[in-house]
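Numbering (the numbering used here), first residue to last: 21 to 187.
Note that beta-carbon positions come from the ideal geometry of N, C-alpha and C, so glycine has one too.
This is the structure:
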């Protein structure tokens, strides 16, 4: 019987590390259904959803640790979920940076019952601006009870300098 789980791995970045992890997974008959990798400051974290025969999972996990003793691994079984009626949207959010901004964004999304699937943030110095600019890309799961326009309007209500656009 096949099972699906999420593997989280982190450590110091090395050339070819992701390719090597994928090769070991395939060696055990596993397949990556989805993956996300982030690299920052010489380190990386990767999440990948693996489907594999249940009896092969322990050996796969053992091989990961054997081949990559300096990396940290964790595993979580993927729960069965009913299909979602949510609309997936991607937004660009720009404004002057200030303390508490990401918390305020989270609060608005929580109040609207919108799920934040991913958030990529950058703080940029801009010539002629007295404070850094906060720029982010948000991927959201919006329930059918509200529109993307309402989400954009709510986010733009944070302050006069907020600009949000759907991509």
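- Identify every run of the beta strand (DSSP E) within the region 148-187, keeping only runs that are complete inside it and at least 3 residues long; order them along the chain. 153-162 and 183-186
- Message: For residue 158 and residue 24, what's the separation of their Cα atoms in angstroms?
- Response: 26 Å
- Query: Can you tell which of 68, 78 and 161 has the C-alpha that lies nearest to the C-alpha of residue 109?
  - Reply: 161
- Alpha carbon to alpha carbon, how far is residue 106 from residue 55? 21 Å
- Please name the residue or residues paired with residue 59 in a DSSP beta bridge. 64
- Query: Nearest-angstrom Cα distance between residue 69 and residue 148?
  - Reply: 45 Å
- Query: So, helix, strand or coil for residue 29, using DSSP?
  - Reply: strand
- Item | C-beta atoms of residue 27 and residue 59 nearer than 8 Å | no
- Message: Quick check on DSSP: helix, strand or coil for residue 85?
- Response: helix
- From residue 163 to residue 150, what does the alpha carbon distance come to, in whole angstroms? 38 Å
- Hey, how far is the Cα of residue 152 from the Cα of residue 128? 22 Å
- Near residue 42, which residues of its chain fall below 7 Å by C-beta distance, leaving aside the five closest residues on each side in sequence? 52
- Query: Taking residue 57 as the reference, which of 37, 97 and 67 has the closest Cα?
  - Reply: 67
- Query: What are the boundary residues of the alpha helix (DSSP H) that residue 130 is part of?
  - Reply: 121-131
- What residue from 174, 141, 87 and 80 has the CA that sits closest to residue 130's CA? 174
- Message: Looking only at its chain, what residues have a beta carbon closer than 6 Å to the beta carbon of residue 91, apart from the 5 residues adjacent to it on each side?
- Response: 29 and 31
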